[in-house]
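Per UniProt numbering, residue 1 is the first one in the sequence shown, and the count goes up by one each step.
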Amino acid sequence: MTAAALFIHGYHLGVDDSGIYLPAVKRIIDPRLYPFGADFFEAHARLSQFAAVIGWSARVTHLTADFTIFLWYTGTVFAFLLACWQLASVCFDSPHARWSALLSMTGLLTLPAAGTALVLMDPFLTARSASTPLTIFALTACLSRRPGLAFFWIILATLVHPLMAVYTAALLAILLLSSRRTAAEQGDSSARKQAVLVGSLAPQSFNFAPVSPEYRRVLDMRSFLFLSRWRWFEWAGLAVPMLFLFWTSRNPPRGATSAYGRLAQAATILGVVSTLTGCVFSASSSFDNFARLQPLRTFQLIYIVFFILLGGVLGEYVLERRYWLWIGTFAALWIGMFLLQRSAYPNSRHLEWPGATPANPWVAAFLWVRSNTPLDAVFALDPDYIALPGEDSHVFRAIAERSALTDVYKDAGVVSLFPQLAPEWSREQQAQQGWKQFQLVDFQRLAEQYPVTWVIVQGLPAGGLVCPYRNAAVAVCRIPGAAGLGVRFPPS
């Protein structure tokens, strides 16, 4: 199943959110990397042991960073599918239901969770890749009435991704309360429990004071944080799973165990509490400092529960022993998700194997930078480069292993969680304003403001730049006379 999941959904190095986590991993492997701007990925790394575990595993095994990352990603996919199988086995007695649930999750691995900007499992390695199976293991242990084991899994998840572990703990709290209280009491208690758990992570910066203009700009760029800006189909993405879970908690399907009803009821309560909390946070700008708690992240876990249970019901009531229907249903699902993932990364290989020649010219340029520029080189790129046609969301820092000025998308995502970085992000964005019209004098001005020594530009480079590498998409150029950081490390 792991091999099937990799074939369906692909694998990509250094794209999207992995561009935040992987630089921290690579800096563990080689501390000389990223002498400038490391705060924009270290902010996450300081709250988690994820980077340390991946990085030290590469150092101990002497494997390359990229190969280590791929092995860990494969391991997390295996762990996720194993966790889904165990959860399905707790909720269903029928083998048909269990296998249907597992085959469904194999096909739906990269499905978005409503409008939360999260998918069930990313086709790249992040801290969520590890925390998600750990949280499902914890959920299964709780349903099996093994609280000690559930606590163990939650502790591990907390070390990897504290916020996702907190929201899973809220679901576990509801499950534990469900054995003693009525549904109405559970809702009240779970709301209090979730508030306490979230509050325990909240530093003093969570207050009702107005946010800075720089931080306000970042929040305005991320509409998924505010339910008031969601479109109708995103709201439907919240309602449909909760309606299914609520109905089946009251009317358990054939072949379901008692754990099914408890889980469906608890997930419904968590979804309602999270949605109401999200509505409160969206109601007034007074709650802007709380938006980064992202209570609707709970729907990643709720979606996993929903599709495991829905897949089981499908196997029990529709597929049964009709083997031709099994083949047709899951062939259609898997092929559809394969095509969807190909459309998401149309200019890259579906499986970006470690060490393979890249098909994407942006990635080729980033790899040239890794091999041919000093470790202390600082780069500047179009701040919008991640969203440019043909780039396929590959993040420069994660692949090139070099420092860079901030971008509009991924670094803004970091700022949305760590507002103290907003002033520096805003200054760097201001310095890069008008990038597409930059000439040599503009690049030299940028090099005077920041220790930028190299740039990556599209099209014909500005006159005066020294460009030792070009391909069909971009050129890698040195700024003449740029001082840089003054610390000379040769290429790795």
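All C-beta atoms, glycine included, are put in the ideal place defined by N, C-alpha and C. Since the structure is predicted, the reported quantities are computational estimates derived from the model, not experimental observations.
- Rounded to the nearest angstrom, the Cβ distance from Glu316 to Gly255 is 5 Å, consistent with a contact under 8 Å.
- For Leu421, the closest of Lys436, Val441 and Asp407 by C-alpha to C-alpha distance is Asp407.
- The beta-carbon separation of Gln86 and Thr140, rounded to 5 Å, stays under the 8 Å limit for a contact.
- Arg292 counts as buried, since no fewer than 16 other beta carbons sit within 10 angstroms of its beta carbon.
- Rounded to the nearest whole angstrom, the CA to CA distance from Arg445 to Asp220 is 29 Å.
- Per DSSP, Ile20 is one residue of the alpha helix (DSSP H) stretching across Ser18 to Ile29.
- For Leu381, DSSP records a beta bridge to Ile456.
- Residue pairing for Arg478: DSSP places it in a beta bridge opposite Trp454 and Val466.
- One alpha carbon belongs to Phe80, the other to Leu485, and they sit about 43 Å apart.
- The continuous alpha helix (DSSP H) containing Gly278 extends over residues Ser258 to Ala283.
- Classified as exposed, Ala209 has fewer than 16 neighbouring CB atoms from the shown chains inside 10 Å of its CB.
- Taking 8 Å as the cut-off, the beta carbon of Gln439 is found no closer than this to the beta carbon of Pro383.
- One thing to note: Asp16 has its Cβ within 8 Å of the Cβ of Ser393.
- Counting along the chain, Arg427 sits inside the alpha helix (DSSP H) bounded by residues Ala422 to Ala431.
- Look at the beta carbons and you see the segment 43-56 not touching the segment 137-153: under three pairs across the two are nearer than 8 Å.
- In this structure, Ile456 is the residue among Ser426, Phe244, Ile456 and Ile28 with its C-alpha nearest to the C-alpha of Ala364.
- Counting the other Cβ atoms within 10 Å of the Cβ of His62 gives fewer than 16, which makes it exposed.
- For His350, the secondary structure class from DSSP, reduced to helix, strand or coil, is coil.
- In this structure, Leu175 lies near Leu143, with their beta-carbon atoms less than 8 Å apart.
- Straight through space, the alpha carbons of Ser100 and Gly312 are spaced by roughly 6 Å.
- In this structure, Leu460 is the residue among Leu460, Tyr11, Gly55 and Ala447 with its C-alpha nearest to the C-alpha of Gln437.
- Contact check for Leu405 and Val452: beta-carbon distance about 7 Å, within the 8 Å limit, so the pair qualifies.
- For the pair of segments examined, the segment 275-286 was found to touch the segment 224-243: the number of CB pairs separated by less than 8 Å reaches three.
- Distance from the CA of Leu351 to the CA of Gly10, rounded to the nearest whole angstrom, comes to 5 Å.
- Put simply, the backbone Cα of Thr329 is about 27 Å away from that of Arg349.
- In the structure shown, Ala5 adopts helical secondary structure according to DSSP, grouped into three states.
- Collapsing the DSSP output to three states places Ala472 in coil.
- Comparing C-alpha distances from Pro253 to each of Cys91, Gly237 and Pro389 shows the shortest one belongs to Cys91.
- When DSSP reads this structure, Tyr11 sits in a beta bridge with Leu351.
- For the pair Met105 and Ala332, the Cα-to-Cα distance works out to about 14 Å.
- In this structure, Ile386 is the residue among Ser343, Ile386, Phe379 and Trp334 with its C-alpha nearest to the C-alpha of Trp362.
- Leu325 is a Cβ neighbour of Leu319, given a cutoff of 8 Å.
- Under the three-state reduction of DSSP output, Pro461 falls in the coil class, being neither helix nor strand.
- For Lys410, the enclosing alpha helix (DSSP H) stretches over residues Lys410 to Leu417.
- In its chain, beyond the 5 residues on either side, Ala24 have a beta carbon closer than 7 Å to the beta carbon of Glu42.
- With contacts defined as CB atoms closer than 8 Å, Val160 and Leu118 fail to qualify as a contacting pair.
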